[in-house]
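Presented below is the structure to which this report refers.
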Amino acid sequence: MKISILMLTHNAPKYVKESVETVKRTTGVDYELIVVDNASKFWTKRLLKKLESKGYIDKLFLNPENSLFAKGNNIASTMCSEDADMILLLNSDVRINSDDWLSKLVSIHPAEGGISSYGVVETEPIRADGYCMLINRELYDKYKLDEEFAWFWGVTKLESLVLKEGKSIVSVRDHENKIHHYGGKSGKGFKHAAGMGIDIEEVKKWFTTGKVEIIDHLD
């Protein structure tokens, strides 16, 4: 099994450096790190090229425009190796705290296919957070992230489609021993992104089938 880790970057070089470098401690899983940079300033792009030259990044695309979350990850997904079985969406403002973080996530992944993640959104509709989310590649390739919802609602809609297909979603609530998410370090450029104005009641209607299984903690 091989996992393609997709990471989007937009400025915040301090956090990007920590995210990329700590991913390197991953053991027990065959993976590749694919980075798509969304039109960062000079210093972040320079850092990424240096990290690529050191072997920390397997594939790098310097996007001349900020394509935001949905389109950016869809671009990154086209760069996955042919033998990749799974895709992991991983934010660029995280710190990996344990070398088994990814193998543990794989261990709880639904056997029949679906989504597993670190992080839970506790408000209705209760769902997996999107900053560290593992999904079978065939499901991602089938649905992609809906670019009409350029920021986090694209992940929410993807989850609803996975549940409608009868697949499962498992999410870990307390995960600080595995991964830390700083949150919001890439700025506020998403505030006027497509789809951000959707009514939450409409979002709730997406979730007509299934529910997210929550695990409190992984050792």
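Residue numbering for the sequence shown follows the numbering used here, beginning at 610 and increasing consecutively.
Each residue gets a CB set at the ideal place from its N, CA and C atoms; glycine is no exception.
Note that the coordinates shown come from a computational prediction; the quantities given were computed from them, not determined experimentally.
Check whether residue i and residue j have beta carbons under 8 Å apart
| i | j | result |
| --- | --- | --- |
| Ser676 | Asn647 | yes |
| Ser780 | Ala737 | yes |
| Asn706 | His619 | no |
| Leu772 | Gly739 | no |
| Asp708 | Thr636 | yes |
Proximal residues to residue i (C-beta, below 8 Å), its chain only, five neighbours per side dropped
| i | result |
| --- | --- |
| Lys633 | Tyr665 |
| Asn683 | Lys753, Leu754, Glu756 |
| Val785 | First, the residue type needs correcting, since residue 785 is Glu and not Val in the sequence shown. Closer than 8 Å at the Cβ level, and outside the excluded window around Glu785, lie Asn706. |
| Lys813 | Glu733, Pro734 |
Buried/exposed call for residue i, threshold 16 Cβ in 10 Å
| i | result |
| --- | --- |
| Phe761 | buried |
| Asp639 | exposed |
| His718 | buried |
| Ala621 | buried |
| Ala720 | exposed |
| Thr732 | exposed |
| Lys837 | Only positions 610 to 828 of the chain appear in the structure, and residue 837 is not among them; the question remains open. |
Proximal residues to residue i (C-beta, below 6 Å), its chain only, five neighbours per side dropped
| i | result |
| --- | --- |
| Phe816 | Pro734, Ser769 |
Endpoints, the beta strand (DSSP E) within which residue i is located
| i | result |
| --- | --- |
| Glu630 | It is not in any beta strand (DSSP E) - Glu630 instead sits in the alpha helix (DSSP H) that spans 622–632. |
| Val812 | It is not in any beta strand (DSSP E) - Val812 instead sits in the alpha helix (DSSP H) that spans 809–815. |
| Ser725 | 723–727 |
| Ser780 | 777–783 |
| Tyr640 | 639–647 |
Assigned secondary structure, residue i (DSSP; H/G/I helix, E/B strand, else coil)
| i | result |
| --- | --- |
| Ile735 | coil |
| Thr765 | helix |
| Glu822 | strand |
| Phe678 | helix |
| Ser690 | coil |
| Asn672 | strand |
Enclosing alpha helix (DSSP H) for residue i [first to last residue]
| i | result |
| --- | --- |
| Glu661 | 651–662 |
| Tyr791 | Careful: Tyr791 lies outside any alpha helix (DSSP H) and carries neither H nor E. |
| Val703 | Note, Val703: premise wrong, no alpha helix (DSSP H); beta strand (DSSP E) at 703–705. |
| Leu698 | Leu698 -> not in any alpha helix (DSSP H); beta strand (DSSP E) instead, spanning 695–699. |
| Lys713 | 710–716 |
Beta-carbon proximity list for residue i, same chain, < 7 Å, skipping 5 on both sides
| i | result |
| --- | --- |
| Lys766 | Asp755, Phe758, Trp815 |
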